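The working numbering puts the first residue of the sequence shown at 391, with every later residue one more than the last.
Okay, structure first, notes after.
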Amino acid sequence: MTRPSTTIASLSSAPVAPHGWTGYGAALLGILIFSLTLPMSRIAVAELHPLLVGLGRALAAAVPAALLLWLTRSRLPRREERYGVVLAALGVVVGWPIASTLAMQSVPAAHGAVINGLLPLSTAAFAALGSGERPSRQFWAWALAGAGLVAAFALREGGGAPQVGDLWLLLAVALGGMGYAEGARVSRTLGGWRTICWALVFSAPFIAAPVAWMAAHTPVAPSPAAWMALAYLSFGSMFLGFFAWYRGLARGGIARVGQVQLLQPFITVAAAAVLFGEQVTPATLAFALAVIAVIAGGKAAAAPGRK
391 MTRPSTTIAS LSSAPVAPHG WTGYGAALLG ILIFSLTLPM SRIAVAELHP LLVGLGRALA
451 AAVPAALLLW LTRSRLPRRE ERYGVVLAAL GVVVGWPIAS TLAMQSVPAA HGAVINGLLP
511 LSTAAFAALG SGERPSRQFW AWALAGAGLV AAFALREGGG APQVGDLWLL LAVALGGMGY
571 AEGARVSRTL GGWRTICWAL VFSAPFIAAP VAWMAAHTPV APSPAAWMAL AYLSFGSMFL
631 GFFAWYRGLA RGGIARVGQV QLLQPFITVA AAAVLFGEQV TPATLAFALA VIAVIAGGKA
691 AAAPGRK
């Protein structure tokens, strides 16, 4: 009988064509899972403190992550990998969940999807800087154009002034880009699923006490809808989604397969309207289209030159 470690390792290291359709399929599955994160967060924060939602999902996901690492007898990250795992944990395990959840207290999920659309550009910038490369001038021009679009959208929606939720979303974009880029870099040697598992396990000792304290002081028992949303955020967005996403990037190439992320704002906006009954205005759709066009141009221009 094949050991679990042999089976999973073979899945992550099997030779494939550099731009095979399996990479796109896995990445698309990851994006479909991630696209429901903001709407689910909005459901959860209606009854639970946003910090409990942001940190609690990471602590819950750390349990199957630790179990999987133990069952597969996975090695510890090497010294040169630990720095990237810690940064990935700060970005996608702690930083992005907390900032985006705080944002969902005050802005709709469809609104958040437009601003979160800058995440691919943030990821590309951190990936270039972390690899010792300089993004081209064209890339930074596209990035500034994207930032301008998002600023205009935020000011329009806020009646001429940015909302608190917009500031949290921009912080989430920065932290998420760092976490995606560092996770993708480390996954080249550690493996994608091991990277997110170790990031979760490294984070668990630091967030266990705050989560326990907040859970004990929750005044009212959450409804089934809140439990469902929290379960999705824990085991979908925080765990299985990264398995598919990192696997897709590894099998098909980060630059090429990463374009699938352009679909995420549209899927989030559609889900917010169809599944959660949010009112999506034509202006929101127009800004989403414009942001995605800018992202596509920025990613195409992200052909950096060495320092």
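All C-beta atoms in this analysis are idealised placements derived from N, C-alpha and C, irrespective of residue type, glycine included.
All values reported here derive from a predicted model rather than from experimental measurement.
- When Cβ pairs closer than 8 Å are counted between the two stretches, the stretch 492-499 is seen to touch the stretch 430-443, the count reaching three or more.
- For Ala499, the secondary structure class from DSSP, reduced to helix, strand or coil, is helix.
- When DSSP states are grouped into helix, strand and coil, Pro612 belongs to the coil group.
- Between the beta-carbon of Ala455 and that of Val591 there is about 6 Å, and that keeps the pair under the 8 Å contact cut.
- At a Cβ-Cβ threshold of 9 Å, Pro498 and Ala448 do not count as neighbours.
- With contacts defined as CB atoms closer than 9 Å, Ile421 and Trp635 qualify as a contacting pair.
- Contact check for Gly567 and Phe516: beta-carbon distance about 5 Å, within the 8 Å limit, so the pair qualifies.
- Around the CB of Pro614, fewer than 16 other CB atoms lie within 10 Å, so the residue is classed as exposed.
- If the five residues before and after Ala452 are omitted, its C-beta is found closer than 8 Å to the C-beta atoms of Leu590, Val591, Ser593 and Ala594, all from its own chain and listed in chain order.
- Counting only residues of its own chain and dropping the five nearest sequence neighbours on each side, Ala564 has a CB closer than 7 Å to the CB of Ser512.
- In this chain, the alpha helix (DSSP H) harbouring Pro595 covers Gly582 to Ala606.
- The shortest CA-to-CA distance from Phe629 to any of Pro467, Val482 and Trp460 is the one to Val482.
- Three or more Cβ pairs closer than 8 Å define a contact, and the stretch 669-682 falls short of that threshold against the stretch 455-472.
- The Cβ atoms of Ala450 and Ser624 sit closer than 9 Å to each other.
- With a contact defined as Cβ atoms closer than 8 Å, Ser490 and Leu428 qualify at about 6 Å.
- Boundaries cannot be given for Thr671, as no alpha helix (DSSP H) includes it and DSSP labels it neither H nor E.
- Pro510 and Pro612 have their alpha carbons spaced roughly 34 Å apart.
- The beta carbon of Ala616 is closer than 8 Å to those of Ile433, Ala434, Ala436, Glu437 and Leu438 in its chain, skipping five residues each way along the sequence.
- By a beta-carbon distance limit of 8 Å, Ala417 contacts Gly638. Their separation comes to about 3 Å.
- Fully enclosed alpha helix (DSSP H) runs of no fewer than 4 residues occupy 469-478, 486-493 and 499-506 of the stretch 452-513, in order along the chain.
- Across the set Ala537, Arg472 and Leu653, the C-alpha of Arg472 shows the shortest separation from the C-alpha of Thr585.
- Distance from the Cα of Arg641 is smallest, within the candidate group Ala574, Asn506 and Phe543, for Ala574.
- Within the same chain, Cβ atoms closer than 7 Å to the Cβ of Phe656 are found at Ala678, the five residues on either side in sequence being excluded.
- Collapsing the DSSP output to three states places Phe543 in a helix.
- When DSSP states are grouped into helix, strand and coil, Glu572 belongs to the helix group.
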